[in-house]
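Data block below; observations after.
2 protein chains.
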Amino acid sequence: MNSIDWDQALRGLGKKSTPQRKALLTALALQDKPASVEDIFVEVRDHHKTSLSTVYRNLEWLFAQGLINKQGFPGEKARYSLKREHHEHTLVCIDCQKIVAITGCPLDSYAAEVGRRENFVVVDHRMEMYGYCQQCSHTRGRV
Amino acid sequence: MNSIDWDQALRGLGKKSTPQRKALLTALALQDKPASVEDIFVEVRDHHKTSLSTVYRNLEWLFAQGLINKQGFPGEKARYSLKREHHEHTLVCIDCQKIVAITGCPLDSYAAEVGRRENFVVVDHRMEMYGYCQQCSHTRGRV
DNA sequence: ATAAGAATAGGAATGATTTGCATTTATTAT
DNA sequence: ATAATAAATGCAAATCATTCCTATTCTTAT
Numbered sequence: 002m003n004s005i006d007w008d009q010a011l012r013g014l015g016k017k018s019t020p021q022r023k024a025l026l027t028a029l030a031l032q033d034k035p036a037s038v039e040d041i042f043v044e045v046r047d048h049h050k051t052s053l054s055t056v057y058r059n060l061e062w063l064f065a066q067g068l069i070n071k072q073g074f075p076g077e078k079a080r081y082s083l084k085r086e087h088h089e090h091t092l093v094c095i096d097c098q099k100i101v102a103i104t105g106c107p108l109d110s111y112a113a114e115v116g117r118r119e120n121f122v123v124v125d126h127r128m129e130m131y132g133y134c135q136q137c138s139h140t141r142g143r144v
Numbered sequence: 002m003n004s005i006d007w008d009q010a011l012r013g014l015g016k017k018s019t020p021q022r023k024a025l026l027t028a029l030a031l032q033d034k035p036a037s038v039e040d041i042f043v044e045v046r047d048h049h050k051t052s053l054s055t056v057y058r059n060l061e062w063l064f065a066q067g068l069i070n071k072q073g074f075p076g077e078k079a080r081y082s083l084k085r086e087h088h089e090h091t092l093v094c095i096d097c098q099k100i101v102a103i104t105g106c107p108l109d110s111y112a113a114e115v116g117r118r119e120n121f122v123v124v125d126h127r128m129e130m131y132g133y134c135q136q137c138s139h140t141r142g143r144v
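Residue numbers (the numbering used here), protein chains in the order written: chain X, 2 to 144; chain H, 2 to 144.
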């Protein structure tokens, strides 16, 4: 929302607070759905001189910190989104790419069970659902 | 298991039954976990002259047909696996990349519920769990 | 204000995947 | 069986997202 928050957040993580980083975080906060690197780059560049490599580097770092989500198939462009307070997954329309956030993930207890069974310390999971949104179902003659 | 099955399957789908395709399907059937294109290529090449592009082309086609799974993050190499009778997901070790197949997915009824709530026709989902396998947990001093 | 280290911009490099095309092969009709 | 023909293959070149390199510019602590 404002750059002061980002300043503090970045310093707290031992990183310098650069205009590019703040603009990047602001750009992410503006998105209502996972955005491609290109989208984010364009958004950041509207406010500050920047380069694609800077955007990539910072996104990757934010992802490693667990502050943002990264999703997509291999061979596709990655899409990033800020992590919300509540653990969230997405529902993606196969036709129009519309993305809806879904809440209420049933996987945590399952993760614990699987970890026990397989002798893993399960620390995270990724889940995405695919289908057709209402409009696209109609267009394609689906119910 | 045998090439006769693949012959029939391929013809039924309107495709020519080539040695490369049969070897590819056999290679996939041999894997007990999702394999990289490179792995599959090497396996196929043990039995027939082939090329990476042929492997790529056929894997992509099989995936489009819904006969195999494709998984991995963007920026990672894709991994493919034959679809089994039982819906399957994977558990991946963050350190050593060991992959374990896990069965018993609790997401189907959840998918139906989400679809109803969001007015989507949910047709598929992807889910992968991440953690540390027993060895790597020890190495890293984790419990 | 300055020094020291971190971060950036820009471009080159990488590497998985895709594509173009000439050749080979599996199918179908003869 | 053979020839015709459309599809599939192999190889090399192209693509394209992402990563890497490094000289220069900023941030921050002093």
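Backbone N, C-alpha and C fix where the C-beta goes; we use that ideal spot for every residue, glycine too.
Residues sharing a beta bridge with residue i, DSSP
i: residue 111 of chain H; result: The partner list for residue 111 of chain H (beta bridge, DSSP) is empty, contrary to what the question assumes.
i: residue 80 of chain X; result: X:37, X:72
i: residue 127 of chain H; result: X:129
i: residue 122 of chain H; result: X:133
Contact under 8 Å by Cβ, residue i with residue j
i: residue 66 of chain X; j: residue 127 of chain X; result: no
i: residue 20 of chain H; j: residue 81 of chain H; result: no
i: residue 119 of chain H; j: residue 92 of chain X; result: yes
i: residue 79 of chain H; j: residue 76 of chain X; result: yes
i: residue 14 of chain H; j: residue 83 of chain H; result: no
i: residue 137 of chain X; j: residue 106 of chain X; result: no
i: residue 41 of chain X; j: residue 115 of chain H; result: no
i: residue 38 of chain H; j: residue 60 of chain H; result: yes
i: residue 48 of chain X; j: residue 24 of chain X; result: yes
i: residue 112 of chain H; j: residue 122 of chain H; result: no
7 Å Cβ cut-off: residues of chain X touching residue i
i: residue 107 of chain H; result: 107, 111
i: residue 100 of chain H; result: In chain order: nothing, as chain X lies at least about 11 Å away.
8 Å Cβ cut-off: residues of chain X touching residue i
i: residue 40 of chain H; result: Within chain X, no residue comes near residue 40 of chain H; the closest Cβ sits about 14 Å away, beyond 8 Å.
i: residue 77 of chain H; result: 75
i: residue 88 of chain H; result: Neighbours of residue 88 of chain H on chain X: none; closest Cβ ~13 Å, over 8 Å.
i: residue 54 of chain H; result: Here the premise fails: no neighbours, minimum Cβ distance about 15 Å.
i: residue 125 of chain H; result: 130, 131, 132
N- and C-terminal bounds of the alpha helix (DSSP H) containing residue i
i: residue 31 of chain X; result: 20-31
i: residue 135 of chain H; result: 135-140
i: residue 58 of chain X; result: 53-65
First through last residue of the beta strand (DSSP E) which encompasses residue i
i: residue 92 of chain X; result: 90-94
i: residue 104 of chain H; result: 100-104
Contacts of residue i in chain X (Cβ-Cβ under 9 Å)
i: residue 71 of chain H; result: 74, 75, 76
i: residue 139 of chain H; result: Ordered by position in chain X, no residue passes the 9 Å Cβ test against residue 139 of chain H, which lies about 10 Å from the chain.
Within chain H, partners of residue i - CB distance below 8 Å
i: residue 120 of chain X; result: 134, 135
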